[in-house]
Amino acid sequence: MTDAHRLRTDLSLRASGVLSLAIAITAVHALARLHSAAGPFAFLLATIGFVCASAGAMLVVVGGHIHDPVSISARWQRAAR
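In the numbering used here, the protein residues as written are 248 to 328.
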């Protein structure tokens with residue numbers, strides 16, 4: 248992969264994270280305007296806010312390094328049988 252392609256991928260992942268955070272903020276703001284109406288719509292808004300905030304924060308922080316390999320210590324690797 249070229250550096251320009253890697254940069255474009257990293258920036259697009261981070262931009263989609265910012266978009267996901269904006270969706271989360273909108274959902275939480277709409278949830279706050281309901282004034283404690285505990286119906287299915289309130290739970291849906293809370294779920295959307297939580298999932299979008301979690302995924303958006305991860306994408307903004309990690310960016311293009313989301314698929315980097317991670318080394319696992321010998322203690323947690325599968326034992327050969």
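Quick reminder that beta carbons are idealized off the backbone N, C-alpha and C, glycines included.
This structure is a prediction, so every number in the text was calculated from the model and none was measured.
| Query | Result |
| --- | --- |
| Compute the distance between the beta-carbons of Val-307 and Arg-261, then report whether it is under 8 Å. | yes |
| How should Ser-267 be labelled, buried or exposed, when 16 other C-beta atoms within 10 angstroms of its C-beta is the threshold for buried? | buried |
| Taking Gly-310 as the reference, give the member of Thr-249, Ser-259, Arg-280, Phe-297 with the closest Cα. | Ser-259 |
| Between the stretch 249 to 259 and the stretch 275 to 284, are three or more C-beta pairs nearer than 8 Å? | no |
| Between Ser-283 and His-312, what straight-line distance do the alpha-carbon atoms span, to the nearest angstrom? | 39 Å |
| Using a threshold of 8 Å, state whether the C-beta atoms of Cys-299 and Ala-271 are closer than that. | yes |
| Write down every uninterrupted run of the alpha helix (DSSP H) in the stretch 268 to 317 whose length is 4 residues or greater and which is fully enclosed by it, in chain order. | 287 to 309 |
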